[in-house]
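Sequential numbering of the sequence shown, starting at 0, is according to numbering that gives the first Met the number 0. For each residue, glycine too, the CB sits at the ideal point set by N, CA and C. Down below is the structure, laid out as structure tokens.
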Amino acid sequence: MEKKELLCEGKAKRLFSTEDPDLAILEFKDDTTAFDGSKKAEIAGKGELNCSISTILMDYLESYHVPTHFVKRLSPTEQIVKVVDTIPIEVVMRNIATGSLVKRLPFEDGKQLTYPIFELSLKNDELGDPLINEYHAYALDLCTQEDIRIMFRMTAKINAILRSFFERRGLILVDFKLEFGRHKNELMLTDEISPDSCRIWDKKTRKKLDKDRFRFDMGGMEQAYQEVLDRIGN
Ligand SMILES: Nc1ncnc2c1ncn2[C@@H]1O[C@H](COP(=O)(O)OP(=O)(O)OP(=O)(O)O)[C@@H](O)[C@H]1O
Ligand SMILES: [Mg+2]
């Protein structure tokens with residue numbers, strides 16, 4: 000399968016059309032950004048690490064009958080995916096309070112949440128991906144009530160599956176961001192699941208093994224992503 004036209008380019012990935020109108024090639028870049036793109040760097044090997052990690056996790060979710068856009072890995076940095084109409088919403092699920100949650104609300108940083116927290120934000124870089132609730136989503140015509148129900152149900156299932164997957168490998172799934180899209184009328188998980196979009200800590204030491212290393216200049220980002228891959232790979 001070969002790349003034809005560039006369909007879209009984001010901060011971390013590029014999407015290309017192929018000879019099959021239902022399929023696209025998703026290429027993972029080494030570019031890394033944080034804080035709505037205000038902080039940027041190129042981290043050699045990051046694209047390949049995220050492509051590997053996202054391949055393993057999407058494949059694992061498919062084995063639990065979670066519908067995803069992932070079809071197969073094409074090369075170290077590329078996947079074949081189903082083309083979806085993306086729903087411009089980011090769904091965040093939090094198991095432990097940290098990051099923006101502790102800035103906004105009186106949660107103790109690092110505290111295990113009694114109930115996981117769902118959050119929605121509007122995918123809109125100019126507005127800084129603002130938090131919304133489901134009523135904003137309906138009023139903005141982003142999706143239907145049924146879509147939100149399915150997205151919440153799928154996110155809760157994904158959380159249960161991935162939490163125990165990471166737990167068994169000595170890792171804590173602190174929080175994560177998902178994107179959804181529609182392909183031939185089916186709502187499915189799209190984009191990526193990687194240390195760019197999840198917070199992952201070592202269970203014993205609570206060492207951060209995700210993009211927070213870049214956000215807060217902690218160094219050792221490639222090593223951290225490699226560590227995640229080594230633990231989840233077979
Ligand atoms: N299977 C797919 N079909 C259509 N679009 C997709 C698919 N998978 C990913 N995308 C989109 O490709 C774009 C590029 O990804 P990237 O993560 O680089 O974007 P980004 O710069 O983070 O911007 P965004 O805020 O849109 O995520 C994203 O908008 C993502 O939603
Ligand atoms: Mg993105």
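Any non-hydrogen atom of ligand 2 within 7 Å of residue i CB
i	result
Gly-46	no
Asp-190	yes
Ala-33	no
Gly-9	yes
Alpha-carbon spacing of residue i relative to residue j, whole angstroms
i	j	result
Ser-122	Leu-188	One detail in the question is off: residue 122 reads as Lys in this sequence, not Ser. Taking the straight line from one Cα to the other gives about 15 Å.
Glu-191	Leu-6	17 Å
Tyr-137	Ile-116	20 Å
Gly-109	Leu-139	34 Å
Phe-215	Leu-126	23 Å
Leu-25	Lys-176	18 Å
Phe-15	Glu-107	43 Å
Arg-152	Gln-225	31 Å
Lys-12	Asp-35	15 Å
Lys-45	Phe-165	20 Å
Lys-98	Leu-56	This sequence places Gly at residue 98; Lys is not what is there. Gly-98 and Leu-56: Cα-Cα distance of roughly 23 Å.
Ser-62	Thr-54	12 Å
Thr-154	Leu-104	22 Å
Ala-40	Thr-32	7 Å
Glu-8	Asp-124	14 Å
Tyr-134	Glu-145	13 Å
Leu-193	Phe-27	Checking the sequence, you will find Ser at residue 193 rather than Leu. Roughly 11 Å between the two C-alpha positions.
Whole-number beta carbon distance between residue j and residue i, since they are thought to touch under 8 Å
i	j	result
Ile-231	Arg-168	6 Å
Leu-130	Ile-79	That belief does not hold up - the Cβ atoms of Leu-130 and Ile-79 are roughly 33 Å apart, past 8 Å.
Leu-112	Asn-132	In fact, because the Cβ distance is near 18 Å, the residues do not count as touching under 8 Å.
beta-carbon residue i near ligand 1 non-hydrogen atom, thresh 7 Å
i	result
Glu-41	no
Glu-178	yes
Val-82	yes
Lys-71	no
Asp-124	yes
Thr-85	yes
Ala-138	no
Lys-3	no
Leu-25	yes
Leu-141	no
Lys-12	yes
Proximity of residue i and residue j at Cβ, strictly below 8 Å
i	j	result
Cys-197	Asp-209	yes
Lys-81	Val-70	yes
Asp-30	Lys-10	yes
Leu-170	Phe-179	no
Ile-95	Asp-174	yes
Thr-67	Cys-50	no
Thr-17	Lys-38	no
Cys-142	Ile-199	no
Val-83	Lys-156	no
Leu-228	Ile-52	yes
Glu-221	Ile-88	no
Lys-207	Met-217	yes
Met-92	Asn-158	yes
Ile-147	Leu-60	no
Leu-73	Met-0	yes
| request: Could you tell me which uninterrupted beta strand (DSSP E) segments, each at least 3 residues in length, are contained entirely in the stretch 27–60, listed from first to last along the chain? | output: 30–33 and 38–41
| request: Please list the segments of the beta strand (DSSP E) lying wholly inside the stretch 152–205, counting only runs of 3 or more residues, in order along the chain. | output: 170–182, 185–189 and 197–201
| Secondary structure, alpha helix (DSSP H): runs of 4+ residues fully inside the stretch 96–154 | 99–103 and 133–138
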